[in-house]
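Please read the structure below before turning to the comments.
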Amino acid sequence: MAFWPRRGGRLGGETGMAEGLRAIDCDVHPMVPGMRVLIPYMDQFWADQVVERGITTLDTQSWPVHAPKTIRPDWRGANGRGADRVELLRAQALDRFGADIAILNPLYGVQLVFNEDMANAFTRALNDWVRAEWLDRDERLRASIVIPMHNVEHAVAEIERLAPDRRFVQVLSLVMGETPLGRRHYWPVYEACVRHGLPFGIHAGSAYRHPQTSVGWTSWYFEEYAANQQAFQSTLASLITEGVLTKFPALRVVLLESGVTWLPAFLWRLQKVWKGVRFEIPWVDRPPAELVRDQVRLTVQPLDAPDDADVVQRLLDHLRSEEMLLWASDWPHWQFDGVAAEPGEPNPAVPPGLPEALLPKLMRDNPLATYPRLREGEKA
Amino acid sequence: MNVIQPLAHPGKPPAATLGLIDVDIHPRPNGIEAFRPYLSARWWDYLTTYGVRARHGFFAGQPPFPKAQPLASRRDAWPPGGGTPASDLDFLRHQLLDNYGVDVGVLNPLQPSGQGDRNNAFSAAMAHAVNEWQLEAWLRKEPRLRGSVVVPYEDGPASAAEIRKRAGDPNFVQVLMMSRTAEPAGNPRYWPIYEAAAEAGLPVAFHAFGYSGWAMTNGGWPSFYIEEVSEHATSCQNQVISLVVEGVFERIPTLKVILIECGFAWLPSVAWRLDKHWRMLKDEVPHLRRAPSEQIRSHIWVSTQPMEEPERAKHLLDIMGWIGWDRILFASDYPHWDFDDPREALPGLIPAERRRDILGGNARALYRL
Chain A
92 MAFWPRRGGR LGGETGMAEG LRAIDCDVHP MVPGMRVLIP YMDQFWADQV
142 VERGITTLDT QSWPVHAPKT IRPDWRGANG RGADRVELLR AQALDRFGAD
192 IAILNPLYGV QLVFNEDMAN AFTRALNDWV RAEWLDRDER LRASIVIPMH
242 NVEHAVAEIE RLAPDRRFVQ VLSLVMGETP LGRRHYWPVY EACVRHGLPF
292 GIHAGSAYRH PQTSVGWTSW YFEEYAANQQ AFQSTLASLI TEGVLTKFPA
342 LRVVLLESGV TWLPAFLWRL QKVWKGVRFE IPWVDRPPAE LVRDQVRLTV
392 QPLDAPDDAD VVQRLLDHLR SEEMLLWASD WPHWQFDGVA AEPGEPNPAV
442 PPGLPEALLP KLMRDNPLAT YPRLREGEKA
Chain B
270 MNVIQPLAHP GKPPAATLGL IDVDIHPRPN GIEAFRPYLS ARWWDYLTTY
320 GVRARHGFFA GQPPFPKAQP LASRRDAWPP GGGTPASDLD FLRHQLLDNY
370 GVDVGVLNPL QPSGQGDRNN AFSAAMAHAV NEWQLEAWLR KEPRLRGSVV
420 VPYEDGPASA AEIRKRAGDP NFVQVLMMSR TAEPAGNPRY WPIYEAAAEA
470 GLPVAFHAFG YSGWAMTNGG WPSFYIEEVS EHATSCQNQV ISLVVEGVFE
520 RIPTLKVILI ECGFAWLPSV AWRLDKHWRM LKDEVPHLRR APSEQIRSHI
570 WVSTQPMEEP ERAKHLLDIM GWIGWDRILF ASDYPHWDFD DPREALPGLI
620 PAERRRDILG GNARALYRL
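Protein chains in written order, with the working numbering: chain A, 92 to 471; chain B, 270 to 638.
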């Protein structure tokens, strides 16, 4: 039974530590209601473009607004959309699941835009909207810097622009982009992450430069959602084989809404092939599974495991690490039902089957170890 | 070294008490001349002028990601009398069938087979020729060998016609597709293949390989051969997902699918993921009546090579148990570099009766041998 984290008080301080578990929710999604709210954060040129060209929304097919998966039924507003205000995040998630800190990962489709300059302007507006409408309104909130990944110069500039604001704790990309994320042309982004102590977060979803499978476009959304699991494997293979993890040992990579149970089988295969053909990538001088255990973290919603605690325990054994998993509610995506009404009741935002003994690590220690900027509160 | 050295002395695995069945052997012609007797003058002319054109830019069989060694083959598999690996029946008998006491070996011809060619009509002509060549060059000469019906899978009706031509011929035990198709395998364009296969009582084998024409990851093209090899697993995962979600197994309840050289440790995770998210997305796919994991459990078989290697071997037992001990088939992948010696491939901690089933019993039941 997953216990209810105690509420109240800020994260950090000796007193706070002693009061018991404080939960850190590593993946929540503020929803942009439409392009109109981003206009105030654009310069005149781009504000005019949005109006004159009739750009009303950047909602994407990765999360069709009305699909059940996108917004849990009881979190769906009267307009059919998810929460676009911080009050709803408080009421639906923070207060219900006992998070003292939550990391905002906006999924608005700025990364789908083909025009690099437009993508840059819209991404900057999105980040500024998050800062003004969310971060400034609840001190429990932190956010990821969304970056326009298809232009590395723009991406690095956006990191440099926002990194001084310590409430930005991570850099965020989608898992399916134009080229695999290990490719060398992206490396200035990873340098910037290391320079500023920001993990590189990779969230499920596509920029639609390619079909959702290596065998073409899927017919059903169900297949498309499932295919994120393959995307994370390919991305991790790229980060390993191109040498990102070995070149940047200080880099932490966080896989968000990735599922978890695919990871051991993926590593067993890659590591076996690496033994056979490592001559091709001589810079990978450590077993891939070790690199991943040291530098890669995953959020646990969804876990993609059966509810059976015995199976879950065996899967955790296969991972061979208690440091890799980070708790997330994935609010408002529908991964689980229910809320815990009272302290002491099971927390439904923790996937069933995870052993109770793991929870302090999952919900607090591992996130704190992963995100250096979350530790800054403790010194305050 | 990247060559797995098999044991030097001959011998059958002691656990193979129900026989040794190798479901993945790759016969190769010494040149396209081998197909000439089975091609019309028009297609022979086309083949020698334009050649096999896969959905990638290189020509003359050059793969886009160069292999780790010539023809991806064991260094010792080149026949002493000349020719390419697995092109000489006598040497294949000596090095594989006799050496390990293989009772039944299933042939999976790879390129140049015309599968996945950009030209469907040529692909169909080639599939016919390759099947005739299997019969003449291998199956009628060696009773231990069985063939696969090579089909021009991007053309469903032409594939179905080729299957019907071979139906009832005991030389053929399965239909062969490559795992990288131009659209996901559950797409209705491929249904005629599955219907014809089920009608003929033949399982459909997806062998890892081929070129879909799309990037090898859903986030773009990788750089390295090691990624290409690793990505076989992801493309096969997408094929399983597509077959399930499109409702192929609901539509054709007698269909049996074999995943060859795709790895298998990923299969339970795919099944769990589908089950989990099906719960929230059922309204989109009302044609699915049975849980995805149930469909996978009852319709899909896997082959061993290349078998994932956990850091702790006992973890493999969990995976095999979750997939189903009766669903796992031994494959050597002869003559390729990552060949598995049947005496060494299965870790000793797998109970002997399970090894017996994997080495022969399961394939015997599946193929009704």
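We put the beta carbon where it would ideally sit given N, CA and C, even for glycine.
Under 7 Å between beta-carbons, which chain A residues line up against residue i? List them in chain order, please.
i	result
His363 (chain B)	In chain order: nothing, as chain A lies at least about 25 Å away.
Leu543 (chain B)	Ala317
Gly532 (chain B)	Arg360
Trp570 (chain B)	None at all; the shortest Cβ gap to chain A is about 17 Å.
Trp407 (chain B)	In chain order: nothing, as chain A lies at least about 28 Å away.
For residue i, decide whether its Cβ has a neighbour in chain C, counting only Cβ atoms nearer than 8 Å.
i	result
Asp408 (chain A)	Here the protein chains are A and B, and chain C is not one of them.
Report yes if the CB atom of residue i is closer than 8 Å to the CB atom of residue j, and no otherwise.
i	j	result
His120 (chain A)	Leu179 (chain A)	no
Thr573 (chain B)	Ile527 (chain B)	no
Asp293 (chain B)	Asp602 (chain B)	yes
Leu346 (chain A)	Leu289 (chain A)	no
Ser342 (chain B)	Asn377 (chain B)	no
Met122 (chain A)	Gly173 (chain A)	yes
Ala323 (chain B)	Tyr480 (chain B)	yes
Gln508 (chain B)	Ser448 (chain B)	yes
Ser499 (chain B)	Trp353 (chain A)	no
Gly350 (chain A)	Val375 (chain A)	no
Pro439 (chain A)	Leu550 (chain B)	no
Gln443 (chain B)	Pro421 (chain B)	no
Between residue i and chain A, is the shortest Cβ-Cβ distance under 8 Å, so that the two count as touching?
i	result
Ser601 (chain B)	no
Asn456 (chain B)	yes
Asn271 (chain B)	With a pLDDT of only 45 at Asn271 (chain B), under 50, the local geometry of the prediction cannot be trusted, and no value is derived from it.
Leu547 (chain B)	Leu is not the amino acid found at residue 547 (chain B); the sequence shown has Trp there. Judged by the 8 Å Cβ criterion, Trp547 (chain B) is in contact with chain A.
Ile510 (chain B)	yes
Glu423 (chain B)	no
Ala337 (chain B)	yes
Asp552 (chain B)	yes
His397 (chain B)	no
For a contact defined as C-beta to C-beta under 9 Å, what are the partners of residue i on chain B?
i	result
Met267 (chain A)	Thr486, Asn487, Gly488, Gly489
Ala322 (chain A)	Thr486, Asn487, Gly488, Thr503
Helix, strand or coil for residue i, going by three-state DSSP, please let me know.
i	result
Asp294 (chain B)	The residue asked about is misnamed: residue 294 (chain B) is Ile in this sequence, not Asp. Strand, per DSSP.
His241 (chain A)	coil
Asp395 (chain A)	coil
Met446 (chain B)	strand
Phe475 (chain B)	strand
Leu414 (chain B)	strand
Leu102 (chain A)	Unreliable placement is indicated for Leu102 (chain A), whose pLDDT of 34 sits below 50; no coordinate value is reported for it.
Asp602 (chain B)	coil
Asp359 (chain B)	helix
Phe441 (chain B)	strand
Thr390 (chain A)	strand
Ala193 (chain A)	strand
Leu382 (chain A)	helix
Leu524 (chain B)	coil
Ile162 (chain A)	coil
Cys117 (chain A)	strand
Does any residue of chain B have a CB that is nearer than 8 Å to the CB of residue i?
i	result
Leu361 (chain A)	yes
Ile337 (chain A)	Before going on, a small fix: residue 337 (chain A) reads as Thr here, not Ile. No, Thr337 (chain A) does not count as interfacial toward chain B.
Phe205 (chain A)	no
Ala93 (chain A)	Legend: pLDDT at Ala93 (chain A) = 43, less than 50; position of this residue unreliable, value from coordinates given subsequently. It does not; no Cβ of chain B falls within 8 Å.
Tyr312 (chain A)	yes
Val368 (chain A)	yes
Gly444 (chain A)	no
Glu333 (chain A)	yes
Pro393 (chain A)	yes
Ser349 (chain A)	no
Pro239 (chain A)	no
Which residues in chain B sit within 7 Å of residue i, going by Cβ to Cβ distance?
i	result
Ile372 (chain A)	Phe493, Ile495
His301 (chain A)	Trp483, Ala484, Asn487, Gly488, Gly489
Trp365 (chain A)	Ile495
What residues from chain B crowd round residue i, counting only those whose CB sits closer than 8 Å?
i	result
Arg411 (chain A)	Glu580, Arg581
For a contact meaning CB atoms closer than 8 Å, what does residue i contact in chain A?
i	result
Ala451 (chain B)	Val306, Gly307
Asp587 (chain B)	Arg405, His409
Using a cut-off of 9 Å between C-beta atoms, extract the partners of residue i located in chain A.
i	result
Val514 (chain B)	Thr309, Ser310, Trp311, Phe313, Glu314, Ala317
Residue ranges of each alpha helix (DSSP H) run of no fewer than 4 residues wholly in the region 341 to 380 of chain A, ordered along the chain? Given a length threshold of 4 residues, each whole run of the alpha helix (DSSP H) inside the region 341 to 380 of chain A is given here in chain order: 354 to 368.
Mind pulling the beta strand (DSSP E) runs of 3 or more residues that sit fully within the region 230 to 299 of chain A? Runs found: 232 to 237, 259 to 267, 291 to 297.
Fully enclosed by the region 303 to 375 of chain B, which alpha helix (DSSP H) runs are 4 residues long or longer? The DSSP assignment places complete alpha helix (DSSP H) segments of no fewer than 4 residues inside the region 303 to 375 of chain B at 310 to 318, 358 to 361, in order along the chain.
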